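The letter at position 152 of the sequence shown is residue 693 when you use this note's numbering, and the numbering goes up by one with no holes.
We put the CB at the ideal spot given by N, CA and C, even for glycine.
Values in this document were obtained by computation on a predicted structure and should not be read as measured data.
Below is one structure; the comments refer to it alone.
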Amino acid sequence: MLSRLSLLADPMIAVLLIATALAIFIPAGGEARGTAQIVSNAAIFVLFLVNGMRIARAEIARGLANWRFFLPLFLWVFGAMPLIGLGMSSLAGMILPSVVALGFLFLGTLPSTVQSATSYTSLAGGNVALSVVGAALINIAGVFITAPLFAALAGSEAAEIGAETIMRIGLILILPFMIGQAVQGWTIDWLKSRKSQVAWLDRSVIGIAVYVAFSGAVEQGLVGMFGALGWAVLIGLVIAYLVIGTGGAWLSGGALHLPRSDRIAFLFAGAQKSVAIGAPLAAIMFPPQVAGFVIAPLLLYHLLQLIIAAPLANILTRG
Numbered sequence: 542m543l544s545r546l547s548l549l550a551d552p553m554i555a556v557l558l559i560a561t562a563l564a565i566f567i568p569a570g571g572e573a574r575g576t577a578q579i580v581s582n583a584a585i586f587v588l589f590l591v592n593g594m595r596i597a598r599a600e601i602a603r604g605l606a607n608w609r610f611f612l613p614l615f616l617w618v619f620g621a622m623p624l625i626g627l628g629m630s631s632l633a634g635m636i637l638p639s640v641v642a643l644g645f646l647f648l649g650t651l652p653s654t655v656q657s658a659t660s661y662t663s664l665a666g667g668n669v670a671l672s673v674v675g676a677a678l679i680n681i682a683g684v685f686i687t688a689p690l691f692a693a694l695a696g697s698e699a700a701e702i703g704a705e706t707i708m709r710i711g712l713i714l715i716l717p718f719m720i721g722q723a724v725q726g727w728t729i730d731w732l733k734s735r736k737s738q739v740a741w742l743d744r745s746v747i748g749i750a751v752y753v754a755f756s757g758a759v760e761q762g763l764v765g766m767f768g769a770l771g772w773a774v775l776i777g778l779v780i781a782y783l784v785i786g787t788g789g790a791w792l793s794g795g796a797l798h799l800p801r802s803d804r805i806a807f808l809f810a811g812a813q814k815s816v817a818i819g820a821p822l823a824a825i826m827f828p829p830q831v832a833g834f835v836i837a838p839l840l841l842y843h844l845l846q847l848i849i850a851a852p853l854a855n856i857l858t859r860g
């Protein structure tokens with residue numbers, strides 16, 4: 542099972558690498574940028590419509606009922622992690638371009654990933670049901686919370702996030718999700734029988750969003766913006782953030798006296814960040830020439846969290 546969850550076995554990594562390479566060598570610029578943005582927004586709308594259709598309302602109710610697990614997880618994901626991200630952003634700003642440094646704060650305000658957090662919880666012998674519901678609830682909350690939380694913590698740096706941006710988020714993310722929730726009684730079983738196709742819908746939409754975002758950044762000189770030292774600092778800070786986030790989530794679960802299986806679920810749902818929310822949200826919140834810079838820490842974090850997750854889960858199985 543460990544090999545199936547390894548870095549090279551995750552198709553999302555290939556999608557992200559292909560999208561990034563296409564943006565570097567064949568960026569969508571000029572008149573094509575507007576068309577690409579429209580395609581990206583339409584794809585994001587469809588993705589969140591499907592998300593609303595497939596997340597059962599009964600699961601949401603069960604998660605809210607288990608407030609002793611969900612409330613601390615919520616506070617960790619949308620309280621502690623954003624504050625750590627704010628600190629990392631300040632450190633990064635001393636060396637890296639401000640728009641890249643801001644990406645650490647954006648990363649911190651994002652919700653958990655669902656699929657890999659659940660997979661690694663299962664591999665480590667954790668409470669899978671709790672992981673599924675907890676991560677799903679955090680993802681739903683992130684649709685509503687991430688943008689205003691980021692704007693509040695970023696202050697003047699988030700000057701471009703105004704009423705128009707909030708309206709776009711409502712129309713492209715929240716509206717389709719609510720429509721999906723309303724019609725899921727007719728669609729949820731049909732979607733459950735097509736899990737592989739839905740998974741590729743997720744990956745394709747994320748790939749489109751990453752391509753559009755990085756195309757704008759490439760046109761603004763992302764590749765040559767900083768040298769080897771800058772890249773080393775960026776990678777080093779992302780590693781530090783991941784270590785702090787993972788260690789903090791594990792220690793928090795211990796401080797809460799959670800059973801070991803629940804503590805493992807808290808670890809993976811609390812420390813892993815969702816590119817599935819982050820890339821589409823960045824494409825809506827920021828102009829194309831900015832979004833690619835902002836999601837750079839997120840893409841590195843996503844890659845690194847997959848590198849450490851399988852070995853960490855293997856260690857946890859040994860107690």
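Proximity of residue i and residue j at Cβ, strictly below 8 Å
i    : j    : result
I579 : P821 : no
I747 : A817 : yes
L857 : G675 : no
A796 : L671 : no
G683 : L648 : no
A854 : L557 : no
V640 : L775 : no
L637 : G771 : yes
S756 : A569 : yes
A621 : F809 : no
I625 : G786 : yes
F685 : I720 : no
S581 : V753 : yes
P623 : S793 : no
L627 : L646 : yes
R508 : L732 : The displayed coordinates of the chain run from 542 to 860. Any statement about residue 508 would go beyond what the structure contains.
G811 : W617 : yes
F589 : P717 : yes
A688 : I710 : yes
I825 : I713 : yes
Exposure label - residue i; buried when at least 16 CB within 10 Å
i    : result
R859 : exposed
K814 : buried
A758 : buried
I559 : exposed
W741 : exposed
W791 : buried
L543 : In this prediction, L543 scores a pLDDT of 44, lower than 50, which makes its location untrustworthy; the coordinate-derived value is nonetheless stated afterwards. Exposed, by the Cβ-count rule.
I681 : buried
Q846 : buried
G575 : exposed
G696 : exposed
G777 : exposed
V591 : buried
L548 : Bear in mind that the predicted position of L548 carries a pLDDT of just 48, short of 50, making it unreliable; the figure below should be weighed with that in mind. Exposed, since its Cβ has fewer than 16 Cβ neighbours within 10 Å.
A750 : buried
Q827 : A quick correction: the sequence has Phe, not Gln, at residue 827. The residue in question, F827, is buried, as its Cβ has 16 or more Cβ neighbours within 10 Å.
G872 : The displayed coordinates of the chain run from 542 to 860. Any statement about residue 872 would go beyond what the structure contains.
A573 : exposed
A564 : buried
A823 : buried
A562 : exposed
Nearest to residue i (by Cα), restricted to the options the options
i    : options                   : result
L783 : V556, F755, L839 and M719 : L839
W673 : L847, D803 and A723       : Looking at the sequence provided, one finds Val at residue 673 rather than Trp. Comparing Cα-Cα distances from V673 to each of L847, D803 and A723, the minimum goes to D803.
M553 : P613, A621, A688 and L844 : L844
A851 : K733, Y661, W791 and S734 : Y661
L690 : F619, A790, V831 and G575 : F619
F610 : I596, Q725, P800 and I836 : P800
G571 : G833, L841, I836 and P829 : P829
Y842 : G593, A693 and T654       : T654
E760 : M635, A832, G819 and L694 : A832
S630 : F566, G726, A677 and A781 : A781
G593 : M826, I836, G789 and G726 : G726
A555 : H798, A602, R744 and F615 : R744
F865 : A577, I565 and A677       : Past the boundaries of the shown model lies residue 865; the chain is included only from 542 to 860, so the question cannot be answered.
V587 : A602, H798 and V739       : V739
I601 : G768, Q722 and A562       : Q722
For residue i, the residue or residues it bridges with in DSSP
i    : result
S653 : K814
Residue i beta carbon near the ligand NAP (any heavy atom closer than 7 Å)
i    : result
L637 : As for the ligand NAP, it is missing from this structure, which has no ligand bound.
Proximity test, Cβ basis, 8 Å: residue i and chain D
i    : result
I625 : No chain D is present in this structure, which holds just one protein chain.
Residue ranges of each beta strand (DSSP E) within the segment 593-673, 3 or longer = If only uninterrupted beta strand (DSSP E) runs of at least 3 residues are considered, none is enclosed by the segment 593-673.
In chain order, which continuous runs of the alpha helix (DSSP H) of length 4 or greater are located wholly inside the segment 726-781?
-> 736-760
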